[in-house]
Amino acid sequence: MDSYLSADWVYPVSSAPIKDGVISLDHNGMITGVFSAEEAKNLQGRVQKYKGILVPGFINTHCHLELSHLKGKIAEHTGLPGFVQQVISQRAASEEEICGAMVKADAEMYNNGIVAIGDISNQLISRDIKLNSKIYYHTFVEAMGFNPARAKEIIINAQKVRDSFSPLKATVVPHAPYSVSEELFTEIANLSGTEEGIVSIHNQETPDENAFFVAKEGHFLKLYEFLGLDITFFKASGKSSLQTYLSRLSAKARKLLVHNTFTSKEDLIYANSVQQELYWCLCPNANLYIEGKLPEIGLFLQSEAVITLGTDSLASNHQLSILDEMKVLQEKENVPLEKLLRWATLNGARFLGVDHQFGSFENGKQPGINLIEHMDGDQISAASRLRRLV
1 MDSYLSADWV YPVSSAPIKD GVISLDHNGM ITGVFSAEEA KNLQGRVQKY KGILVPGFIN
61 THCHLELSHL KGKIAEHTGL PGFVQQVISQ RAASEEEICG AMVKADAEMY NNGIVAIGDI
121 SNQLISRDIK LNSKIYYHTF VEAMGFNPAR AKEIIINAQK VRDSFSPLKA TVVPHAPYSV
181 SEELFTEIAN LSGTEEGIVS IHNQETPDEN AFFVAKEGHF LKLYEFLGLD ITFFKASGKS
241 SLQTYLSRLS AKARKLLVHN TFTSKEDLIY ANSVQQELYW CLCPNANLYI EGKLPEIGLF
301 LQSEAVITLG TDSLASNHQL SILDEMKVLQ EKENVPLEKL LRWATLNGAR FLGVDHQFGS
361 FENGKQPGIN LIEHMDGDQI SAASRLRRLV
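Heads up, the sequence shown is in my numbering, so the first residue is 1 and it goes up one at a time.
Shown next, in the form of structure tokens:
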């Protein structure tokens, strides 16, 4: 027998919000109907009514589960090069510590209403946790190497890690433009650049990234020195990071650019001219943690960019909560709730290729159901809390 849930407002996301709407679902959590209050009149006495809003389960398109053991260990506001150095210096830990932290992080995300995740991995250690999780995972196996001579070796090793994640979905992706040679970009595009493929890359998270590509200046030079890398072969392009590398990504695959903290209007115009199937992931709490700055959200709204949300890792965030990412964007950027919900649900599901199951309240889907309580009218407030109902 179907069960029926209602709240002050129901947000299907794929259609307009419904005041006092009602959702019907079967015992597996599959949506069997979405009704207006008028259409649900005959269900009186059978509907469980809540105070707040009902929304689909959240999609976290950018996380680093295997860095969960670094929670509280990395200083804030170091800037990205300093952050990377700290992660490298402190990443080593016992398998027991790493796995224990990942189990807790996975449970935290489930309880925070997250139903699907695009997760960055550099090794295989998260596989068993993902296999046993209630959350859907697509793993992005990062390939990185700035030395052109090592491109073939790196891609072979990345393929081995990708294949070892089976039966889980996994894709080989570039880490970031400052850590991937042009030759390695080509190898990745050949490997993951199909029409069914999805690719993620860290983009313009720090002003030093643009400075490095424009003029071979900035703190990345110190990072390469710290890593013992000889980059005498590298020649500055005279263009921003994005305008230097974006055409190297496959034209066929769906592409997710992550962070975008220092992406300009010119970058957005350029991106729209050279790539289709382009998604932009915002991780506001991580941006504030590392750089103390948010992307210029207005530019993304003006360009009609397709936006998703991510939490990044516990190395750069105090919690793994899409609702808390939404709170920051509404408080500091005044993004309307309906837009935020689309960013947090359907857009991410479409990027991951799981919108047949997740992302909206539509018949035949099993998107999960979240209740957000303590709303301030049609806005999320600092007091808003989430309860996962399904």
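Cβ coordinates follow ideal geometry from the N, Cα and C atoms, glycine included.
Asked: Rounded to whole angstroms, what's the CA-CA distance from isoleucine 188 to glutamine 275? Just pull it up for me.; Found: 16 Å
Asked: Name, in chain order, the residues that DSSP records as bridge partners for threonine 308.; Found: Cys281
Asked: Short check: CB of tyrosine 11 to CB of valine 55, under 7 Å?; Found: yes
Asked: Can you give me the C-alpha to C-alpha distance between serine 200 and histidine 175, rounded to a whole angstrom?; Found: 8 Å
Asked: Measure how close the beta-carbons of isoleucine 380 and methionine 326 come, nearest whole angstrom, since I'm counting them as under 8 Å.; Found: 6 Å
Asked: Using only alpha-carbon positions, find the residue among Asp378, Leu352, Gly359 that is nearest to valine 335.; Found: Asp378
Asked: What are the uninterrupted segments assigned as alpha helix (DSSP H) that are 4 or more residues long and contained completely in the stretch 281 to 350, given in chain order?; Found: 284 to 290, 297 to 302, 322 to 333, 337 to 344
Asked: For glycine 368, tell me which candidate among Glu39, Ile135, His62 has the shortest Cα-Cα distance.; Found: Ile135
Asked: What is the DSSP secondary structure of asparagine 190, reduced to helix, strand or coil?; Found: helix
Asked: If you run the structure through DSSP and keep just helix, strand and coil, what is proline 177?; Found: helix
Asked: Report, in whole angstroms, the separation of the C-beta atoms of serine 241 and asparagine 210, which I expect to be a contact under 8 Å.; Found: 5 Å
Asked: Going by C-alpha to C-alpha distance, which of Thr139, Gly228, Ser68, Ser36 sits closest to methionine 102?; Found: Ser68
Asked: Determine whether the beta carbon atoms of alanine 116 and threonine 139 lie at a separation below 7 Å.; Found: no
Asked: Confirm, please, whether the CB-CB distance from isoleucine 322 to leucine 425 is below 7 Å.; Found: Any answer about residue 425 is impossible in this case: the structure gives the chain only from 1 up to 390.
Asked: Given histidine 202, which residues of its chain have a CB within under 7 Å of its CB, disregarding the five upstream and five downstream residues?; Found: His175, Ala176, Val258, His259
Asked: Over the uninterrupted beta strand (DSSP E) stretch that includes proline 56, give me the two end residues.; Found: 47 to 56
Asked: Under 8 Å by Cβ, that's how I've got valine 457 and alanine 143 pegged, so tell me the actual separation to the nearest angstrom.; Found: No answer is possible for residue 457: it lies beyond the span of the chain, which begins at 1 and ends at 390.
Asked: With distance defined between alpha-carbon atoms, name the residue in Ala271, Arg91, Thr244 nearest to leucine 256.; Found: Ala271
Asked: In the DSSP assignment, the alpha helix (DSSP H) including threonine 244 goes from what residue to what residue?; Found: 241 to 245
Asked: Apart from the five residues just before and just after tyrosine 110, which ones in its own chain have a Cβ nearer than 8 Å to its Cβ?; Found: Ser133, Lys134, Ile135, Arg388
Asked: For tyrosine 4, does the three-state DSSP call read helix, strand or coil?; Found: strand
Asked: How close, in whole Å, do the beta carbons of leucine 184 and alanine 151 come, if the pair is a contact with beta carbons under 8 Å?; Found: 4 Å
Asked: If I follow the unbroken beta strand (DSSP E) through leucine 257, where does it start and stop?; Found: 254 to 259
Asked: Roughly how many angstroms lie between the CA atoms of histidine 77 and leucine 288, to the nearest whole one?; Found: 8 Å
Asked: Quick check: the Cα distance between aspartate 119 and leucine 65, rounded to an integer number of angstroms?; Found: 7 Å
Asked: Compare the beta carbon distance of alanine 253 and glycine 292 with 7 Å and say whether it is the shorter of the two.; Found: no
Asked: Span of the beta strand (DSSP E) holding aspartate 163?; Found: Premise fails: aspartate 163 lies in the alpha helix (DSSP H), 151 to 164, not in any beta strand (DSSP E).
Asked: Going by DSSP, which residues form a beta bridge with asparagine 60?; Found: Ile117
Asked: First and last residue of the alpha helix (DSSP H) that includes leucine 268?; Found: 265 to 274
Asked: Compute the distance between the beta-carbons of alanine 105 and leucine 320, then report whether it is under 7 Å.; Found: yes
Asked: According to DSSP, what are the bridge partners of histidine 202?; Found: Val258
Asked: If you draw a straight line from the alpha carbon of glycine 359 to that of arginine 91, how long is it in whole angstroms?; Found: 34 Å
Asked: Please tell me whether glycine 348 and isoleucine 155 are closer than 7 Å, where the distance is taken between their beta carbons.; Found: no
Asked: Closer than 7 Å by C-beta to tyrosine 245: which residues in its own chain qualify, once you throw out the five before and the five after it? Chain order, please.; Found: Pro177, Phe185
Asked: Does the beta-carbon distance from leucine 131 to valine 161 come in below 7 Å?; Found: no
Asked: Between the Cα of tryptophan 280 and those of Ser273, Ala286, Leu268, spot the shortest distance and give me the residue it belongs to.; Found: Leu268
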